[in-house]
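Chains A and B, in that order, give the protein sequences. For the first sequence, counting from 1, position 25 maps to 25 in the numbering used here; every step adds exactly one. For the second sequence, counting from 1, position 102 maps to 1102 in the numbering used here; every step adds exactly one. By construction, the Cβ of each residue, glycine as well, lies at the ideal position given by its N, Cα and C atoms. Note that the structure is predicted; figures quoted are calculated from it, not measured. Here's the structure, in structure tokens; my notes come after.
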Amino acid sequence: MAEGTQSKFSRKDLLGLKDLSAEELRHLLDVAEQFRGLNLRAIKKVPTLRGKSVVHLFLEPSTRTRTSFDIAAKRLSADTFSISGSSSSTTKGETLLDTARNLAAMHPDIIVLRHKRSGAPALLSRELPGTCIVNAGDGFCEHPTQGLLDMLTIRRSIGGFRGRTVTIVGDIMHSRVARSAIYGLRTMGAGVRVCGPRTLIPPGLDSLGVEAHDHLETAIAGADVVMMLRIQQERLARGGHYFPSTREYSRLWGLDRSKLARWARKDVIVMHPGPVNRGVELEPELADSKWSVILNQVENGVAVRMAVLYLVLGGERAARSEGRGV
Amino acid sequence: MTDQRKQILDAAGVERCLKRVASEILDSCDPEVPLALVGIRSGGLPLAHRLASLIGESGGTVPSVGAVDITLYRDDLYTGLEKPSLGETVLPFGMDGYGIVLVDDVLFTGRTVRAAMGELHDYGRPRWIRLAVLVDRGHRELPIQADFVGRKVESLPVDRVVVAVGSDAAAEDGAFIVLGQS
């Protein structure tokens, strides 16, 4: 009876964008688009997830992602519970699996997990078949909701993916943001280039159809989107020597208005997952300029997370398993 | 398995019902209160457009037309029924002080109407809300009745009532009852 898009996402978890089909990605973005409208209303709350509980298990620091998930869940009327690394028993040596099993025994509907180990959400997904797991960033692996909000921002700004080129600049090696964006964008048919110090470009990108560039000039020439990544100083400080100095990094791989004006398309858009190291990877004035869609990314984040919470818990999956139709 | 299908209304019947409902809406409304028709997606929206132009043709001011998508307000999202697509709610008028006529194709349990009223209240405080439907097939599960009814029909709960009506009058317009296996 219903028109258009239905039963195109029937997963219980969102662990990453790697395994999602183009149809699933498109459906997620379409549903997020509908939730964008909701976020512009005077009353931004709908009763959709009333009586459902969402646990935000953030075992690594995060402000933006956690707030965004929290707002998304509350706008859907879910009850939310937040557990952070410092306040939890993980500081007393409890393993992730024990923490998760104990949480699951209290029957939450969704666990949103951020963890410093790659693969932690996949582990929970296997161990807790009755709970939906949403990955909010795991180690160097994936950050799927960030990838989706980047994709939604790109689609809204330039109209689509096929035949478009997205350049990702910075620490690709340690970036789950880059990884999720690469998987999603490649599946949707966009061209992806990466650029940064050789020490921060991981091997094996060819097999994903990603071009690696050494020079910012060639990397951003003709690109529709330039995505600047944060230099994760806290990560690099831990014994990593990947480039001589932040000053040199900024000179070679930082982006400013003058480089953009000389090398890039006039209508290029500049993205950044935040938080911005102003003056390191991005000139402060550029972050606030007409090229920047950084705040659109944040805005789209809430809509994307609402779509994810709605779909993983979804009646779409229930409909499939019970085979009943209207 | 072939569906047993019985026609309730043909194109002329649909047109006749809509004309009558349009004039009833016009007669019952205080001209001082601004009027808007809100179609419930997806079946109610084309009917709301048809009624708006019919009201204009019979001498009234053409009312604004909006649409509600009630998916996020349903009470059966997690009960295993098929989940419909998420459509857009568009209410291009301030809700406050308006007289709202909700429009749907078929009135059955009343749950859709309950959800639609919940959603309208999240947008503002209408002066009043009334309900217009093309087909009332009975079997209410909530204390909800329509103010304007095109056609009442007898049906069994297992039957389906299908309305095929576009935003413009067409020869293919019609309403059918598809008999279920009881």
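| field | Best match in 1146(B), 1009(B), 1051(B), 1179(B) for proximity to residue 1155(B) [C-alpha to C-alpha] | value | 1179(B)
| At what residues does the beta strand (DSSP E) containing residue 1007(B) begin and finish? | 1004-1009
| request: For residue 68(A), count neighbouring Cβ atoms within 10 angstroms of its own Cβ and tell me buried if that reaches 16, exposed if not. | output: buried
| query | Which chain A residues are close to residue 1098(B), counting only those with a beta carbon under 9 Å from its beta carbon? | reply | Per Cβ cutoff of 9 Å: no residues; residue 1098(B) is ~15 Å from chain A at best.
| Quick one: does residue 34(A) have its CB under 7 Å from some CB of chain B? | yes
| query | Terminal residues of the continuous beta strand (DSSP E) containing residue 1137(B)? | reply | Premise fails: residue 1137(B) is in no beta strand (DSSP E) and is neither H nor E.
| said: Pairs of beta-carbons, one from the stretch 9-26 of chain A and one from the stretch 111-127 of chain A, closer than 8 Å: are there three or more? | reply: yes
| field | Simplified DSSP assignment, three categories, for residue 290(A) | value | coil
| Proximal residues of chain A, C-beta to C-beta of residue 1086(B) below 7 Å | 31, 34
| Any C-beta of chain A sitting closer than 7 Å to the C-beta of residue 1104(B)? | no
| So, do the stretch 1033-1041 of chain B and the stretch 1056-1073 of chain B have three or more beta carbon pairs nearer to each other than 8 Å? | yes
| said: Alpha carbons only, please: which of 274(A), 311(A), 230(A) is nearest the one belonging to residue 65(A)? | reply: 274(A)
| query | In chain B, which residues lie with their C-beta within 8 Å of the C-beta of residue 43(A)? | reply | 1122, 1123
| query | Does any C-beta atom of chain B lie closer than 7 Å to the C-beta of residue 37(A)? | reply | yes
| Quick one: Cα of residue 243(A) to Cα of residue 42(A), how far? | 48 Å
| query | On the premise that residue 201(A) lies in contact with residue 194(A), defined as a C-beta separation below 8 Å, what is that separation, rounded to the nearest angstrom? | reply | 6 Å
| request: Buried or exposed for residue 105(A), please, with buried defined as at least 16 other CB atoms from any protein chain shown within 10 angstroms of its CB. | output: exposed
| request: Tell me whether residue 1116(B) is buried or exposed, calling it buried when 16 or more other Cβ atoms sit within 10 Å of its Cβ. | output: buried
| said: With a threshold of 7 Å between beta-carbons, can residue 269(A) be considered close to chain E, or not? | reply: As a matter of chain content, chain E is missing from the structure shown, whose protein chains are A and B.
| Reference residue 1007(B), options 1164(B), 1169(B), 1057(B), closest by Cα | 1164(B)
| task | Check residue 246(A) in the structure and name its three-state DSSP category. | result | helix
| task | Please state whether DSSP places residue 171(A) in a helix, a strand or coil. | result | coil
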